[in-house]
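One structure is given here, and the rest of the page talks about it.
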Amino acid sequence: MLRSTSRFSSAVATVSATNVPSSTTSTPTLDTLPFSSLETSVHPSTLRPIIEKPFSLVTMSSVQSRVLPLLPGLAMPYQTQQPGDAATPRDLLVKAKTGTGKTLAFLVPAIESRLRAISQHVKKSLSDGGLISDKILESKAKRSFAMNRVGALIISPTRELGTQIANEALRLLTYHGALDVQLLVGGESRRKQVRDWSRRRKDIVVATPGRLRDLLNEKEFADAFAHTQLLILDEADSLLDMGFRDDIDAITEYLPPTPERQTFLFSATVSSAIRQVAREVLDKRHVFINCVNDADAPVHTHIKQYHTVLPSAADQVPHLLRLLAHEQLANPGSSKTIMFFPTTKMTQLFTSMLKEIKKSALPAGNNTRIYEIHSKKTMESRTRTSADFRADKSGAAVLVSSDVSARGVDYPGVTRVIQVGVPSSKDQYVHRVGRTGRGGEGGREGRGDLVLLPWEMGFVTCQLGEVPLKPVTVKDMEKQVKEMAIKVDEDPKAYFNDFGKAAFGLQGRASSAPTGPRLFLNVPGYASVVDQVDVKVEEMRSEMDESAVDETFMSMLGYYSSRTGEMKTDKMTVLEGLKDWAVDCGGMMKKPTVSMMMMQRLGIVEDRPSRRSPRSGQRGEQKRGFGLKKKTGGDRWEGERQGKVKEWEWREGKQSMYGVDRGRAQADWRDREGKVKRIERDARDGRHWMERGRTRRD
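The opening residue of the sequence shown carries number 1 in UniProt numbering; numbering runs sequentially from there.
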C-alpha cells in the first residue's frame, strides 16, 4: 500500500507542480481511497480518531484523496540545505467545493507537520548537548518549542467557521494528549486571549484576520508567529470578498518567508484575484489540485433551485411565509430552513416578524423554532445559536441569518435555503445554496429559493445565467400550498403516511388520533389559515415600528447602492424601489426621506458645487461652453448684496453670514439700544435728556 501511495504522490506532483492552475489534476477515480491506506504515512494517534471515534470514516472524499496521500512528504520540515524537488511538494493551491471534507484535508497535514517539527527540534537539542537520550531534556525541549513557536496558523473569514475548524481540530487531537488548539477571533475577550496565549501551547492556531492583526501588535504574539511552520488560508475567495486582502498581506509580514514557511490555499473558486494571492504567498513550485470538474454546474446538481420576482414589495412577507409553509408541509417533522438576508438590520426585522406571525400563519405554529444570527450578536450568542440550530431536531427549525452563516459552517439536515434579495456576488449565491443537500444528507435533495423585488430581477439574467434556476410565481406558490393544505385537511393520517412522518409535535400519536393529526389544533383546518395569510400580514404591518423600518431601509440603501451594476439598473431606481418597500412591506405611513448629503455620498445624485464661488462670492455660474469664461451675476448684484448686508447688520446688530466682525456689530447695537432706552425713559419723566445731564452736573 505504501508503494501505491508513493506512486500517486509522484504522479500528482509531476502533473500539477506549476504556478498556473490546470484542471488536469482532477482524478475522480481516487474518491474511494480508504483511510486505512494512510497507516504507514500518518501517526497512529492522528489516524485513530478518523477511522474510529469520533469521526468513524472509511473512505476519503475527493479533496481528501488528493491531498492526504501526499503525506508523509507533505509534512516534512523545511531544510535549508535540501530545498526539495517537484516530487516532494510543500505549497498547495486547492480548489474544492464547500462541504467536501477539506477541513480534514488540511488539518491532518498540519498535525503531522507539527509532530515532525517537534521531533526534529528535540533531536537537535540532544545533539547540541552531546547526548543520545535524556528524558528530562527531551521534555523541556518539547515544552519550550510548543510554547514559543506556532505550528500551523489557519485563517478563517468568519468567527463561526473559525470555531468550527477549532472544534474539528480538537476532535482530531483526541489521542494526542499534549497537542493543543488556540482560537483567536473577534467577539471574545481580548484580555483572556492574551492570557491564554502565554499559558498554553501553540500547536494549531485558528484566527480571523482582524483579531489576529490586532494581536500581532503584542511582542509575545509577534515573536511566536515569527517561527510559524504552516499557513493555511481557508475559504480564500471569501477572505478576499470580505475585504481582508490588506490584513492578509500585513499578517504574512510577521511570518517566515516562503519557501521556509509552508502555505496551503483552499478556495471554492480560483479567480484572477485568487491567482494573484497565490503568486504572492505560495512558492513558485506549488501544486494546484482541482477537485471541481469544469463540466460541473456552478452548484451541486442535486439541489433544486427556484427564483421568484415579486409583483410588489407588499408580497414579500406573505410569499416568504408560504415558502416556509410549503417547506414544512413537504418535509413534515424534518424541516430545517436557513433564510439569508443582505443586511443585519433586515435580518433583525424579519426575525421579529416571523416570531410574531408564526403561530397564525405556519403549519407548525408555535412549534416552529426561529433562530437569529448576525454580526450584531455577541460571539458567545452566535456560537450558542449556531450549535443549537445544528443540533435542532424539532422538525420545524428556521435560521434567519446574514452572510455570517453563508460559507464553511456546516449545518446537517438543512432541507431548504431561502435567499431574500440580491446576494453580494454570484459565488455568494452558490455558497449559500451549498448549505442544503450537503452530500445528500439523509437522502434529501435539498432546495433553494431566491426571492427578488421587481428592480432586482436583473441579477438573475446577468449573474446567474449558468445556474439551473426555475421561475415560480407568487400565484404558483400560493396554489401549491393551498393544494397541500387541502390534502392535509381531507385525510391527515394518509397525508403524513405518504411522507413517512407524523404531524409536528405529534410523532408517535398520528396513527392513534381518531380524526387524524392537525397541524393547528386551535383552528378547523390549515386550508382556512392559508386563505388568511395576507390578512394576518396586514394586521402585523400596522403594528410595525417605523423607526426600525427606517433603519432597515437605510441599511438596504447602503447595501444596494454599490450593486447596481450587477442588477443592470440605476441608483435612483433602487432608491425609489426601497422607498416603496418601506411603505408596502414595512408599513410606514409615508415614504422615508434621504438627505441630499447622503444621496451624494452614495452616488445617487452628483455632488454639485455650491451656488457661491469660494473665491468671488458670486452667484452660481452659467456654462457657456468649452474654453469660454463662465457667465456670472456681475458687479451689480455684488453691490446690491453688500448694501443689504450693511442694512441688515445695522438693523439686527448681529454677525452677518459674510464674515462681518461679530463683536463690533454687537457693541454698536448695545450702544444704540442704550440710547433709545434712555430717551424713552426721560420722555416718560417729562424731561429732555440734555436737562437731565445739566441737573447731574449741578
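Note that CB positions come from ideal geometry on N, CA and C, so glycine has one too.
CB contact flag (residue i, residue j, <7 angstroms)
i, j, result
"residue 556", "residue 575", "no"
"residue 569", "residue 465", "no"
"residue 328", "residue 396", "yes"
"residue 211", "residue 194", "no"
"residue 159", "residue 208", "yes"
"residue 229", "residue 113", "yes"
"residue 77", "residue 120", "yes"
"residue 347", "residue 400", "yes"
"residue 303", "residue 73", "no"
"residue 205", "residue 166", "no"
"residue 463", "residue 566", "yes"
"residue 414", "residue 383", "no"
"residue 337", "residue 416", "yes"
"residue 146", "residue 107", "no"
"residue 171", "residue 69", "no"
"residue 118", "residue 142", "yes"
"residue 32", "residue 61", "no"
"residue 564", "residue 427", "no"
"residue 545", "residue 313", "no"
"residue 376", "residue 343", "no"
Cβ shell of residue i (< 6 angstroms), same chain only, five flanking positions each side left out
i, result
"residue 550", "592"
"residue 250", "213"
"residue 157", "235, 238, 239 and 242"
"residue 573", "455"
"residue 266", "94, 102 and 234"
"residue 533", "318, 321 and 361"
"residue 385", "371 and 373"
"residue 178", "none"
"residue 474", "315 and 319"
"residue 537", "317 and 318"
Bridge-paired residues (DSSP) for residue i
i, result
"residue 336", "397"
"residue 52", "In DSSP, residue 52 forms no bridge with anything."
"residue 591", "According to DSSP, which records beta bridges pairwise, residue 591 is partnered with nothing at all."
"residue 449", "306 and 418"
"residue 32", "None; residue 32 has no bridge partner."
"residue 378", "DSSP output for residue 378 lists no bridge partner at all."
"residue 59", "34"
N-terminal and C-terminal residue of the beta strand (DSSP E) that residue i is part of
i, result
"residue 231", "230-233"
"residue 290", "287-290"
"residue 267", "262-267"
"residue 270", "Where residue 270 is concerned, there is no enclosing beta strand (DSSP E), given that its DSSP letter is neither H nor E."
"residue 369", "369-373"
"residue 470", "469-471"
"residue 181", "181-184"
"residue 155", "152-155"
Sequence-distant residues of the same chain with beta carbon closer than 8 angstroms to residue i, five excluded per side
i, result
"residue 721", "Residue 721 cannot be examined here, being either before or after the span of the chain that is shown, 1 to 698."
"residue 733", "Outside the shown range of the chain (1 to 698) lies residue 733, about which nothing can therefore be said."
"residue 481", "322, 325, 326, 329 and 530"
"residue 522", "With a pLDDT of 38 at residue 522, under the threshold of 50, the predicted position of this residue should be treated as unreliable, though the coordinate-derived value follows. Cβ within range, chain order: n/a, list empty."
"residue 379", "159, 185, 186, 187 and 188"
"residue 138", "122, 125 and 126"
"residue 581", "313, 316, 453, 553 and 556"
"residue 366", "358 and 359"
"residue 310", "316, 319, 451, 452, 453, 454 and 474"
Continuous alpha helix (DSSP H) stretch holding residue i: start and end
i, result
"residue 429", "426-433"
"residue 319", "316-330"
"residue 303", "From DSSP, residue 303 is part of no alpha helix (DSSP H); its letter is neither H nor E."
"residue 486", "474-490"
"residue 251", "245-252"
"residue 165", "159-172"
"residue 341", "Counting along the chain, residue 341 falls outside any alpha helix (DSSP H), and DSSP gives it neither H nor E."
"residue 239", "236-241"
"residue 596", "596-601"
Own chain residues within Cβ distance below 7 angstroms of residue i, not counting five before or after
i, result
"residue 263", "91, 231, 281 and 282"
"residue 561", "571, 574, 602, 603 and 604"
"residue 58", "34 and 35"
"residue 486", "527"
"residue 389", "371, 397, 399 and 411"
"residue 175", "45, 48 and 49"
"residue 79", "none"
Chain D within 7 angstroms of residue i, Cβ atoms only
i, result
"residue 128", "Going by chain labels, chain D is absent from the structure shown, which holds only one protein chain."
* Kindly provide the ranges of any alpha helix (DSSP H) runs that are 4 or more residues long and lie completely inside the stretch 514-584, ordered along the chain. => 526-531, 533-541, 546-560, 564-567 and 571-584
* Which runs of the beta strand (DSSP E) spanning at least 3 residues fall entirely within the stretch 77-140, listed in chain order? -> 92-95
* Asked: What residue ranges within the stretch 195-224 form continuous beta strand (DSSP E) runs of no fewer than 3 residues, ordered along the chain?
  -> List check, beta strand (DSSP E) in window: 204-207.
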